[in-house]
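Contents: one structure, followed by commentary.
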Amino acid sequence: MPEVAEVAHVCALMRRNLLGFRISKVKMNNDPLLFPFLKNNPNAEQELADLQSKLTGSTVKSVGRHGKYFWLRLSLNKESKDETGVLLMHFGMTGMIKIRNVKSHLIFMENGGDKKVLKRLEEEKKSTGAQSKYFKKEENDEAKSSDGDSSLLEPSKNNTDIKSEDTKEIEGMNEPDEEEWPPRFVKFEMELQTENERFDLAFVDPRRLGKVRFLSGPLVQSDNDLMKQDPLSALGPDYSKPLEISRTEFTTGDPDPDNHGKCRLSLEEFNKLILSKKKPIKSLLLEQEFFAGVGNWVGDEIIYHARIHPNEVLSSKIPKGDSVDSIIERLYNSLLYVCELSVRVEGDVSQFPSNWLMIYRWGKRRKNSPKPKTDEGYEVDHVTVGGRTSCFVPKLQKMIRKSAASEIRDTKELETEEKPRKRRKV
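So for the sequence shown, this note's numbering puts the first residue at 595; every next one is plus one.
Next comes the structure, spelled out in structure tokens:
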């Protein structure tokens, strides 16, 4: 499933290429799974035609994102010049946006993409006699302790762009080739143009688990107001979005760093949340009502850098108190670090630091193959947590021993539960 970084990349592609373009043609399939308003609708064909009519002639005003949701804000140019509508989208498991002749650097790891990346990096390393120019060593690796403790990880103060001179490298990782159009599994298409230029856009989704909605009216005329509407109102903060926004000109990186009124929690607030939940940390990180945009690979990356086992229930090991435990602080810093950096490089795995877990996590189903190892030589394994497969490094991510305070608390709770009730005299 595309997660926060992949969604940010798609938004960046649209922001770089489609702002100010007018939608000249729209073609949508009558698919009630993709378009929820068509489900059990006796007038589905007419309503779909009405939506296509609303979109045709509108202009792309801005691109927004929060978690795994993203949207195009459109100037409708019908009755009111200032009125806008929002095309709100979610990729589901296999959805993706394609823009004709605009190549994306995203690589789908599940189908052997990880092997291609590793092979390319190894070839670069051999040819140059050094580390890949793309698969970078993280600057703060030097600050880590010898046992791999990442407690010193700090999020960047502003999360907008990587260096502008890297733009061509990010866009040019895969040069546009002749491609089949419309692409396979297309669910809707749009033709966008200006006086001198034209783009074709397609939403593809093989498994039809994505969602597309159109919202208009006075309650969605700003992105902050949009965030108060379903389904966005149910989402928690997006931790890739910093509190302070750098207003530099956008070239690459985060296409929409604004939190739209939904700020991420402070360390103290985060501590209270984590210690109030009695579930494995990996399962908790996947809950979109608390951590919008975090999915399976991002969740694994966060707890790997925090050096926490995916099955760890932190509230059972760390006592509540006035101060924040160092384990919680490390988890918080890892959350910000992974979300911010992965978005800043638009999910380009070749730009991830070499000590990341991402490209070593995909080999579970390969028979007769040895367990993968990280760039640092640690063996990677898998465990099921809450029905989901989690990737982790057993040597670095061990279950935490209970503190003395936690053991005393658990003993008291057990004694209270086991204390026999007095029988009432009849």
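Backbone N, C-alpha and C fix where the C-beta goes; we use that ideal spot for every residue, glycine too.
### Message
Give me the DSSP bridge partner(s) of W665.
### Response
Partner residues in the beta bridge of W665, as assigned by DSSP, are G658 and L682.
### Task
Report, in whole angstroms, the separation of the C-beta atoms of P913 and V977, which I expect to be a contact under 8 Å.
Contact flag wrong, Cβ pair sits at about 26 Å.
### Message
What does the alpha-carbon distance come out to for the pair V798 and R995?
### Response
Going by the C-alpha atoms only, they are around 47 Å apart.
### Query
Which of the three DSSP states, helix, strand or coil, is assigned to C985?
In the three-state reduction of the DSSP assignment, C985 falls in the strand class.
### Query
Distance, Cα to Cα, D817 vs P636?
32 Å
### Message
Can you check which of these residues, E881, S917, S810 and G830, is closest to L861 by C-alpha distance?
### Response
S917
### Task
Decide if R792 is buried, meaning its Cβ has at least 16 other Cβ atoms within 10 Å, or exposed.
exposed
### Query
Relative to the alpha-carbon of N790, which residue among M952, E863, E970 and L612 has its alpha-carbon at the smallest distance?
L612
### Message
Counting C-beta neighbours from all protein chains within 10 Å, is the total for P849 16 or more, i.e. buried, or is it exposed?
### Response
buried
### Query
Are the segment 674–693 and the segment 833–853 touching, with three or more C-beta to C-beta distances below 8 Å?
no
### Own chain, CB closer than 6 Å to F864, minus 5 neighbours either side, in chain order
Y926
### Query
How long is the line joining the alpha carbons of E600 and G887, rounded to whole angstroms?
10 Å
### Message
Distance check for K720 and A900, CA to CA, integer angstroms please.
### Response
Straight across, the Cα-Cα distance linking A900 with K720 is about 32 Å.
### Query
Okay, do the segment 659–672 and the segment 637–646 touch, 3+ Cβ pairs below 8 Å being the bar?
no
### Query
Is it right to say D824 is buried, meaning 16 or more other beta carbons lie within 10 angstroms of its own, or is it exposed?
exposed
#### Entry: Enclosing alpha helix (DSSP H) for V892 [first to last residue]
N890 to H899
#### Entry: For R616, three-class secondary structure by DSSP
strand
### Task
Give a yes or no on whether the C-beta atoms belonging to L908 and L869 are separated by under 8 Å.
yes
### Task
Report back the beta-carbon spacing between R616 and L786 to the nearest angstrom; my notes put them in contact at under 8 Å.
That belief holds up - the Cβ atoms of R616 and L786 are roughly 7 Å apart, short of 8 Å.
### Query
Rounded to the nearest angstrom, how far is the Cβ of Y972 from that of K992, given a contact under 8 Å?
Rounded, the Cβ-Cβ distance is 12 Å, inconsistent with contact.
### Query
Could you give the distance in angstroms between the alpha-carbon of Y833 and the alpha-carbon of E716?
32 Å
### For P831 and C857, believed in contact at Cβ under 8 Å, the rounded distance
6 Å
### Task
Provide the residue(s) that pair with K781 in DSSP beta bridges, ordered along the chain.
Per DSSP, none; premise fails for K781.
### Beta carbon proximity, S618 to chain D, threshold 8 Å
In the displayed structure, chain D is absent; only one protein chain is listed.
### Query
Under a three-way DSSP split, which group does L649 fall into?
helix
### Task
Just grab the DSSP bridge partners of V798 for me.
Paired residues: M690 and V780.
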